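Undergrad:
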């Protein structure tokens, strides 16, 4: 079974109140090295079989039509989750 990861973020010009709250709380908790934060959404879509280029294309189309609101959000990443796991373990 394969899995596709889709990440969606608010467009840069859109106010992000959750990100603003996070960046305000970080220094109070001792995390002074961070100067900004934006909160987005992550989806994990499971598929039967391997993740192929066709599956990634379908995931991108689903992300642009259903998983995101194109007026206020951008789809920033559509990737094979197994490739992501390999990057993390490297």
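In the numbering used here, the protein residues as written are 2 to 91. Backbone N, C-alpha and C fix where the C-beta goes; we use that ideal spot for every residue, glycine too. These numbers come from a predicted model, not from an experiment.
#1: Apart from the five residues on each side of it in sequence, which residues of its chain come closer than 6 Å, Cβ to Cβ, to residue 30?
#2: In whole angstroms, give me the CA-to-CA distance for residue 61 and residue 83.
#3: Is residue 43 helix, strand or coil when you go by DSSP?
#4: Is it right to say residue 9 is buried, meaning 16 or more other beta carbons lie within 10 angstroms of its own, or is it exposed?
#5: I need the boundaries of the alpha helix (DSSP H) containing residue 11, first residue and last residue.
#6: Rounded to the nearest angstrom, how far is the Cβ of residue 20 from that of residue 39, given a contact under 8 Å?
#7: Going by C-alpha distance, which of 63, 57 and 64 is nearest residue 81?
#8: Please work out which residues of its chain come closer than 6 Å, Cβ to Cβ, to residue 69, disregarding the five sequence neighbours upstream and downstream, and give them in chain order.
TA: The structure says:
#1: none
#2: 17 Å
#3: strand
#4: buried
#5: First-last for residue 11: 3-11, but that is the beta strand (DSSP E), not the alpha helix (DSSP H).
#6: 4 Å
#7: 57
#8: 9 and 76
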